[in-house]
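Participant: When you line the sequence shown up against the UniProt record's numbering, it's residues 1 to 417, in that order.
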Amino acid sequence: MRRSPLLSGEVESRTEWTLHTANGLHVHQADIDKAYLHGDLDHDIWMTTPRGFDLPTDKVLRLRRSIYGLKQAGRIWNRHIDASLRDLGYTATGTDHCVYSRIDDRRRPHYIALYVDDLLMISPDLAEIERVISGLEQRYGVKRLGPAEYILGIQIRRLEDGSIALSQERYIMDVLARFHFDTTTRGTTVPMTPGLSLTAIPGQGTERIRSWYLQAIGSLLYISLGTRPDIAFAVSYLARFANNPGRRHWIAVKHILRYLRATYRDELVYACGETRITGVVGYSDANWGACVDTSVSTMGYVFYIAGSAVSWSSKRQSRVADSTTDAEYLALSHAGKEGIYLSQLLEELHVQPVAPAHIFTDNEAAAAVAHDPVRVSWQATSSSEDVDYTRRRGSGRRKVDWAGAGDRGTTEEGTRL
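1. Is the beta carbon of PRO245 closer than 8 Å to that of GLY205?
2. Relative to the C-alpha of VAL280, which candidate in HIS358, ALA252, ALA368 has its C-alpha closest?
3. Where DSSP assigns a beta bridge to ARG62, which residues make up the other side?
4. Can you grab the Cα-Cα spacing for the pair TYR237 / ASP285, in whole Å?
5. How would you call SER224, buried or exposed, if buried means at least 16 neighbouring beta carbons within 10 angstroms?
6. If I follow the unbroken alpha helix (DSSP H) through GLN344, where does it start and stop?
7. In this structure, how does DSSP classify PRO109 when only helix, strand and coil are distinguished?
8. Determine, using beta carbons only, whether TYR36 and TYR68 come nearer to each other than 8 Å.
9. Does the count of Cβ pairs from the stretch 166-184 and the stretch 262-273 closer than 8 Å reach three?
10. Quick test of the definition: if touching needs 3 or more C-beta pairs under 8 Å, does the stretch 135-145 touch the stretch 30-49?
11. Cα separation between CYS272 and LEU19?
12. Beta strand (DSSP E) containing ALA177: first to last residue?
13. Straight-line CA distance for SER101 to LEU85?
14. Kindly identify the DSSP beta-bridge partner or partners of GLN29.
15. Check whether the Cβ atoms of TRP288 and ALA327 sit closer than 8 Å, and answer yes or no.
16. Taking the straight line between their C-alpha atoms, what separation do you get for LYS337 and ASP42?
17. Considering only residues of the same chain and omitting the five flanking positions on each side of GLY153, which have a CB-CB separation below 8 Å?
18. CB HIS28 to CB ALA148, shorter than 8 Å?
19. Pull up the distance between the alpha-carbon of VAL99 and that of GLY52, whole angstroms please.
20. If you draw a straight line from the C-alpha of GLY187 to the C-alpha of PHE179, how long is it?
21. Along the alpha helix (DSSP H) that carries THR263, what are the first and last residues, could you check?
22. Pull up the distance between the alpha-carbon of TYR389 and that of VAL292, whole angstroms please.
23. Check whether the Cβ atoms of LEU332 and THR93 lie closer than 8 Å to each other.
24. Can you look up ARG14 in the DSSP assignment and give me helix, strand or coil?
25. Assuming the contact rule is C-beta atoms closer than 8 Å, residue 497 and ALA234 should be a hit. Round their C-beta distance to whole Å, please.
26. Buried or exposed: where does ASP82 fall if 16 or more other Cβ atoms within 10 Å of its Cβ makes it buried?
27. Where VAL351 and LEU136 are concerned, what is the direct C-alpha to C-alpha distance, given to the nearest angstrom?
28. Should LYS71 go down as buried or exposed, given a rule of 16 or more other Cβ atoms within 10 Å for buried?
29. Would you kindly check if the distance between the Cβ of GLY300 and the Cβ of SER311 is under 8 Å?
30. Cα separation between ILE112 and LEU176?
31. Leaving out five residues on either side along the sequence, give the residues of the same chain with a beta carbon under 6 Å from the beta carbon of ARG258.
This is how it looks when you write it as structure tokens:
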């Protein structure tokens, strides 16, 4: 089935907020009314008569336009809005087909981020934003929402010095209320009990706990991916037990909720300053053999652009690592893919020049292996991830260095607590 491309959202949006604060750009929001009713069908589709229409029961209707409920409605709408944005001079990037850019006659870049029918327009010139909205109004009904304040569950607050603060305060409070955490609930200062070790024990949970658990993990994942890297490890760790959670697992989830109760106003700040964007800097880490059930390691990374965090991850590795070096090398492979992606995204957003992604690891042996293709050979036969990283390391799109003890805390909270 053909699908509509969707803005992956979190990473791209945070990257664009970094561009906004670094370059003093305007950010406005608009919404297209009845988006899925636009666009022509590319083949005949028939439907039965809706209730309330007095037509013979042996008759069916042929659709002339797209409507809500069609499987292909999203794809048809995306083709339509893509053509409209191209007519306005914008081109979709190759890294994300829902991020558009345009260079004007004065060599100034302008951006549009599209999420279904929501548009985020980023430009140094308010006249350009007005031109785009006016052009869209000739084709659609457009709601002018003005300077962006709330999108996809994320609140946007402008500080006096020009910085931007992102938070999910409203969404977090809704989640807490759903699980009966009110203002009297006692908070906690850490997202998970330090050193907590849980195991998967079949048949230990009830259907009620499993239902609550799945709902909570889904909401917590959205929060961690949006603005809260501080809970990424705890949520990723507890998500492993979603198939069969027990009472101890549910208590650990409630611990995260108590932590959010104490920190629901925390914000991710993108500082306004003179920092020039030249590339991305990342930190990679691994916790060897962390899983007590499988001995699989946990890996994590965080990437910064102009000193602001734009991408982070905490996840289990796909195989058992033979050593700490092996685990750290797999973590570098995981981070390397993201570093290349972010560098390509910056290039397509007309940030020049873009230096190779600079990735730090706290394991000297893994850094040495990454620098030396000959020494990589011992690793290259063990998995496709290693072969893939070996190939990518030769493309010149990333640089790996060892980080001293003072820098190790940057990603360690993504692999352990």
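Glycine included, each C-beta is placed from N, C-alpha and C at the ideal position.
Facilitator: Taking the coordinates as given:
1. yes
2. HIS358
3. TRP46
4. 16 Å
5. buried
6. 324-348
7. strand
8. yes
9. yes
10. yes
11. 10 Å
12. First-last for ALA177: 169-178, but that is the alpha helix (DSSP H), not the beta strand (DSSP E).
13. 10 Å
14. LEU120, GLY146
15. yes
16. 37 Å
17. GLN168, ARG170, TYR171, TYR222, GLY226
18. yes
19. 42 Å
20. 14 Å
21. 247-263
22. Interpretation of TYR389 is limited by its pLDDT of 47, a score under 50 that renders its predicted location unreliable; the figure taken from the coordinates is listed afterwards. Each residue's Cα considered, the two are about 27 Å apart.
23. no
24. helix
25. Lying before the first or after the last residue shown, residue 497 is absent from the chain, which here runs from 1 to 417.
26. buried
27. 27 Å
28. exposed
29. no
30. 33 Å
31. GLY187, THR188
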